[in-house]
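Down below is the structure, laid out as structure tokens.
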Ligand SMILES: *Cc1c(COP(=O)(O)O)cnc(C)c1O
């Protein structure tokens, strides 16, 4: 075996050992940031060193600071655990070291994105004619979708934003629900629209957009020809899992000539489940969509998808050219659909994940996670712990600290206790002025027994903090 073979074997074996340990090791890392930094903060060597030695030192230094995020009992944020075939495909992507800029530079990488992109559109209920770009995540996808909106709406208003920028441009109205994801605001900042451009639309009790208020806000300002308007909708509120009324909001927006962007980082996956598809009814009516691979599809980080109903609008907003590229584009300009130029070959892992699961497997994954979320809600409710949201998807909001005067502090203490104990990991949030514990179930490995063990861990922590 060559040294390179031995090195790659060692890395792959270490990765598999780590995955295999996830069911039994504490979810919380044993080292915190300061300890992890001390372990890695060795002098920069003056001269080259043996790769095998470097690898062993990295493994030893990093191991204590690894979180059990890919494991079955991590319920923080919205985090998936990469599927076996998807993980192995990503190891190949690293080994093959392809630059997925376009089909000329990396034919197989570009083809994998094209083919997997078509499967994604099919599963997510997005028109087959839409353009797709493989990006780092929903943040990147929201930026691409809103760039396409900016291009299209300003061009319709007689303004070439790619050439002229925004100084002196017609004002772009941006509407979004009060509980939009914060990445929408950052995309608006990056696009030069500024957060002041945002007109907030009221939301209902679960954080989904209020379509009556949407009609009111649209009517309160100028819309239609010459008054470009973009509406940001959401499939999957990061606290409650609520999905906006996509059909109602898209229909209203259309009447005002608005562009609709759907941030569907995780919630868009409801479309892949026959029993949940009704939640995203009307999804096909939007103009652009953002979705994540690394959350609910359980593809390794980083992986997201930016879709646009009109591919030519997406490329008009995103593509660039340069003399040295002539003759190398056009074959398949994968990078013409994203904000990046040189990119890792993310298509392989997505291709492998979808082949591993199949249509039925994706639906089962989504359904199973939602069933686990309901199981959490039922078990905690039975223990007299208040579940605050309607559990419609994979998110559960829990008033674990009760509702007394020191409820917020108790909630934080209980969450801290759960994290340190290590059976499972759940995070906190502030929703409508209240500290709550958030449970997000997105991992393909999670079983009913994992949920039961995690409920027990939560109840233990509650007892310990409450004394
Ligand atoms: C996670 C999330 C994002 C951001 O996604 P990244 O993958 O972190 O870039 C945006 N919107 C929603 C609704 C999310 O849940």
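Residue numbers (the working numbering): 29 to 495.
Each residue gets a CB set at the ideal place from its N, CA and C atoms; glycine is no exception.
heavy atom of ligand 1 below 6 Å from residue 293 C-beta: Yes, ligand 1 has a heavy atom inside 6 Å of this Cβ.
Continuous beta strand (DSSP E) stretch holding residue 316: start and end: That run of the beta strand (DSSP E) goes 316-320.
Nearest-angstrom Cα separation, counted from residue 450 out to residue 492: The alpha-carbon atoms of residue 492 and residue 450 are separated by roughly 15 Å.
Contact belief for residue 162 with residue 333 at Cβ below 8 Å, rounded distance in angstroms: With a contact defined as Cβ atoms closer than 8 Å, residue 162 and residue 333 qualify at about 6 Å.
Sufficient close CB pairs (3 or more, under 8 Å) joining the segment 187-198 to the segment 233-253: Taking a contact to require three or more Cβ pairs closer than 8 Å, the segment 187-198 and the segment 233-253 do not qualify as touching.
Host beta strand (DSSP E) of residue 463 (start-end): Residues 462-468.
Short Cβ contact (7 Å threshold) for residue 394 with residue 297: Yes, the pair counts as a contact, with Cβ atoms nearer than the cut-off.
Secondary structure of residue 237, DSSP reduced to three states: Looking at residue 237 - three-state DSSP - the assignment turns out to be strand.
Residue 245 and residue 229 closer than 7 Å at C-beta: Taking 7 Å as the Cβ cut-off, residue 245 and residue 229 qualify as a contacting pair.
Minimum C-alpha distance to residue 241 - residue among 221, 223, 203 and 268: When the alpha-carbon of residue 241 is set against those of 221, 223, 203 and 268, the nearest one is in 203.
Stretch-stretch touch, CB-based, cutoff 8 Å, three pairs: the segment 464-479 with the segment 122-136: The segment 464-479, when compared against the segment 122-136, does not touch it at the 8 Å Cβ threshold.
Secondary structure of residue 276, DSSP reduced to three states: Residue 276: helix per DSSP, three-state reduction.
Contact test: residue 308 Cβ vs ligand 1 heavy atom, cutoff 6 Å: Checking the Cβ of residue 308 against ligand 1 gives no.
Under the three-state DSSP convention, the category residue 218 falls into: If DSSP states are grouped into helix, strand and coil, residue 218 belongs with the helices.
Simplified DSSP state of residue 336, which is helix, strand or coil: Secondary structure at residue 336: strand, using DSSP grouped into helix, strand and coil.
Presumed contact (8 Å Cβ cut-off) between residue 264 and residue 220, rounded CB distance: In this structure, residue 264 and residue 220 do not form a Cβ contact; the two beta carbons are roughly 27 Å apart against a cut-off of 8 Å.
Straight-line Cα distance separating residue 115 from residue 349: About 33 Å.
Residue 45 Cβ short of 6 Å to ligand 1 heavy atom set: The answer is no for residue 45.
Buried versus exposed call for residue 304 [16 or more other C-beta atoms within 10 Å across all chains shown]: With 16 or more other Cβ atoms within 10 Å, it is buried.
Local conformation of residue 459 per DSSP, three classes: Residue state, collapsed to three classes: strand.
Residue 213 CB to nearest heavy atom of ligand 1 below 6 Å: No.
Where residue 39 falls: helix, strand or coil (DSSP): Looking at residue 39 - three-state DSSP - the assignment turns out to be helix.
Option in 141, 429 and 382 with minimal Cα separation from residue 326: Residue 382 holds the alpha-carbon nearest to the alpha-carbon of residue 326 among 141, 429 and 382.
Residue 179: CB within 6 Å of a non-hydrogen atom of ligand 1: In this structure, residue 179 has its CB at a distance of at least 6 Å from all heavy atoms of ligand 1.
Stretch pair the segment 272-291 + the segment 308-322: three plus CB contacts closer than 8 Å: Because the criterion of three Cβ pairs below 8 Å is met, the segment 272-291 and the segment 308-322 touch.
Contact the segment 48-63 vs the segment 90-98: 3+ CB pairs below 8 Å: Yes: the two stretches touch, three or more of their Cβ pairs being nearer than 8 Å.
Cβ-heavy atom distance, residue 166 to ligand 1, below 6 Å: Residue 166: yes, Cβ under 6 Å from ligand 1.
Beta bridge counterpart(s) of residue 325 as assigned by DSSP: Under the DSSP definition of a beta bridge, residue 325 lacks any partner.
Near ligand 1: residue 264 beta-carbon under 6 Å from a heavy atom: A distance criterion of 6 Å places the beta-carbon of residue 264 in contact range of ligand 1, judged by its closest non-hydrogen atom.
Cβ neighbours of residue 359 in the same chain (closer than 7 Å, five flanking residues each side left out): With a pLDDT of 46 at residue 359, under the threshold of 50, the predicted position of this residue should be treated as unreliable, though the coordinate-derived value follows. Here the set comprises 130, 131 and 132.
Per-residue burial, residue 141 [other beta carbons within 10 Å of its own, 16 or more giving buried]: Classified as buried, residue 141 has 16 or more neighbouring CB atoms from the shown chains inside 10 Å of its CB.
Ranges of the beta strand (DSSP E) found wholly within the segment 382-408, counting only runs of at least 3: Runs found: none.
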